[in-house]
Every structure is written in C-alpha cells, then in structure tokens.
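Visitor: In the UniProt record's numbering, the protein residues as written are 1 to 242.
Here you go, one structure.
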Ligand SMILES: [Zn+2]
C-alpha cells in the first residue's frame, strides 16, 4: 500500500520544497561569493608580503652579523700590526726582526682582504635594504584586505539574513507536516540532498532524468493522495496535479 498524502500535506510539501530549494541556492551562492574569493586572494597576498619582509629581515640580520664578525677580525689584525710595528721598533735581533717583518706582511695582507670583504658586504647590505623598501608596503595590502573583508561581510550578511528567515520558515513547515511524511522527507534529504523533488513534465528535478512513457503514465494514473517516488533515483516526487 502506497503511503498517503493529504491535501494539507501536499500544500505544505510544495511550499517546503520551494523554501528548501531557495536555501540550497543561497547556501551555494554564499560558498561561491566573488567577494569571498577576493578576500582569500588578498589574504594570500598579505601573507606573501609578510613572508618576504620576514626573509628580508632575516637575510639583513645574517649579513649584519657577518659584517660584525669581519670587523672584529679586522680589529684583531690591526692590533697584531700595531704589536709587530712596536716589536720592530724595540727589537734588534735580526732573526726576530725577520719573523716580525713576515708576520706584519701577513697581517697587512689579511687586513686588506678583510677590509675589501667588509666593503663588499656593506654595499650589498645597502642595496638589499633599498630593495626591501621598494616592496609592496604592508599597509596597502592590509587596507585592501580590510575593505574586501567589509564588502564580503556585507554581502554574506545579507544572504545569511535571508537564509535565517528561510530556515525558520522551513522548520515551521516541517512541523506542519505529518510526522510520517516529515520522516520520509528528511530521509530523502539525507540521501538525495533534497527532501522531495518536483516532477516537471515527466522529468524528475532531482536526477534530471525524463521518465519513460510507461512510468510517466503509471505516475499520472496514481491519485495525488498517494506518495510516489522517482523510478530512476527513488526521491519522493512532488506532483502539481496538472
Ligand atoms: Zn529522479
């Protein structure tokens, strides 16, 4: 025996299918808002700017460390040179003087190398610092992101408002259904993503398959007071009675 469908149930079901269809549509729109996509794009951009700034800071820090180390080396070599020169002024022993001369040459050569290194590092550091300054400033991206978030919030807020109203109506309509029909509706919803589907002509709005003649005729010959399901996908069908 096919379950029945009273006139009241059919009227409620018709409105409920419409309301729930609108809820699905708005939910899908909410998920695919271009405003949200803009926010995501800008968030990514802001992230990149932050990451880049961080890496610039880290490299600058490393290079600064290198310069400091080289400067310490240079200071040590200058002290060594000073000591060698003092030794040469004081010492008369030929062999020791030769050693000191040699050490002085080594120290001077090494100092010249290190001074060149320092010069090169400092030039690089200066250039690098300028490159860092030319990057997209944080503020610009953050400001665009803030604006985009506001726009997205406005648009999605409107949709959420509509959805809240529709959900309230959907819930009231479900309460108005007979408990048995409500169970059927919600089981269909879980399985098919919609509680019931309109039969548009002879096409099921759930699976979008056009029923063959015999199935269409069988359904047409079934009284409206009986529940029918789509022979293709099994969803509860909503017939307009035309
Ligand atoms: Zn179907």
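Built from N, CA and C at the ideal position, the CB exists for glycine as well.
For clarity, every value in this text was computed on a predicted model and none was experimentally measured.
Count Cβ pairs between the segment 40-53 and the segment 73-88 that sit closer than 8 Å; are there 3 or more?
Guide: At 8 Å Cβ cutoff, the stretches do not touch.
Visitor: Is any heavy atom of ligand 1 found at a distance shorter than 6 Å from the C-beta of residue 235?
Guide: Position 235 of the chain shown, counted from the first residue, corresponds to residue 235. Correct: residue 235 has its Cβ closer than 6 Å to ligand 1.
Visitor: Helix, strand or coil, according to DSSP, for residue 33 in the structure here?
Guide: Stepping through the chain shown from its first residue, residue 33 is reached at position 33. In this structure, residue 33 counts as coil in the three-state DSSP scheme.
Visitor: Can you tell which of 128, 105, 126 and 145 has its C-alpha closest to the C-alpha of residue 37?
Guide: Stepping through the chain shown from its first residue, residue 37 is reached at position 37. Selected option, being the one with the closest Cα: 145.
Visitor: Do the CB positions of residue 77 and residue 87 come within less than 7 Å of each other?
Guide: Your numbering for residue 77 matches position 77 in the chain shown. Your numbering for residue 87 matches position 87 in the chain shown. No, the Cβ-Cβ distance between residue 77 and residue 87 is not below 7 Å.
Visitor: Around the Cβ of residue 208, are there at least 16 other Cβ atoms within 10 angstroms (buried) or fewer (exposed)?
Guide: In the chain shown, residue 208 corresponds to position 208, counting from 1. Classification for residue 208: exposed.
Visitor: Roughly how many angstroms separate the alpha carbons of residue 7 and residue 225, rounded to a whole number?
Guide: Against the chain shown, residue 7 aligns to sequence position 7. Against the chain shown, residue 225 aligns to sequence position 225. About 7 Å.
Visitor: Within a Cβ cutoff of 7 Å, which residues of the same chain sit near residue 15, ignoring the five residues on either side of it in sequence?
Guide: For this step, residue 15 is matched to residue 15 along the chain shown. Closer than 7 Å at Cβ, skipping near neighbours: 173.
Visitor: Figure out for me which residue from 18, 112 and 128 has the closest Cα to the Cα of residue 64.
Guide: Numbered from 1 along the chain shown, position 64 holds the residue referred to as residue 64. Checked all of 18, 112 and 128; the closest Cα to residue 64 is 128.
Visitor: Give the list of continuous beta strand (DSSP E) stretches no shorter than 3 residues that lie fully inside the segment 52-89.
Guide: List check, beta strand (DSSP E) in window: nothing returned.
Visitor: Inspect the CB distances between the segment 88-107 and the segment 115-124 and report whether three or more fall short of 8 Å.
Guide: Judged by Cβ distances under 8 Å, the segment 88-107 makes no contact with the segment 115-124, as fewer than three pairs qualify.
Visitor: Reducing DSSP to helix, strand and coil, say where residue 232 ends up.
Guide: Looking up residue 232 in the chain shown gives position 232. Of the three classes helix, strand and coil, the one that applies to residue 232 here is coil, per DSSP.
Visitor: Quick check on residue 199: does DSSP put it in helix, strand or coil?
Guide: The sequence position of residue 199 within the chain shown is 199, counting from 1. In the structure shown, residue 199 sits in a strand (DSSP, three-state: E or B).
Visitor: Just the C-alpha distance for residue 188 and residue 29, rounded to the nearest angstrom, thanks.
Guide: For the purposes of this step, residue 188 is taken as residue 188 along the chain shown, with counting starting at 1. For the purposes of this step, residue 29 is taken as residue 29 along the chain shown, with counting starting at 1. The alpha-carbon atoms of residue 188 and residue 29 are separated by roughly 23 Å.
Visitor: Use the C-beta contact count for residue 148: other C-beta atoms within 10 angstroms, 16 or more gives buried, fewer gives exposed.
Guide: Here residue 148 is taken as the residue at index 148 of the chain shown, counted from 1. With 16 or more other Cβ atoms within 10 Å, it is buried.
Visitor: Name the two residues that bound the continuous alpha helix (DSSP H) containing residue 210.
Guide: Sequence index remark: in the chain shown, residue 210 carries index 210 (1-based). Premise fails: residue 210 is in no alpha helix (DSSP H) and is neither H nor E.
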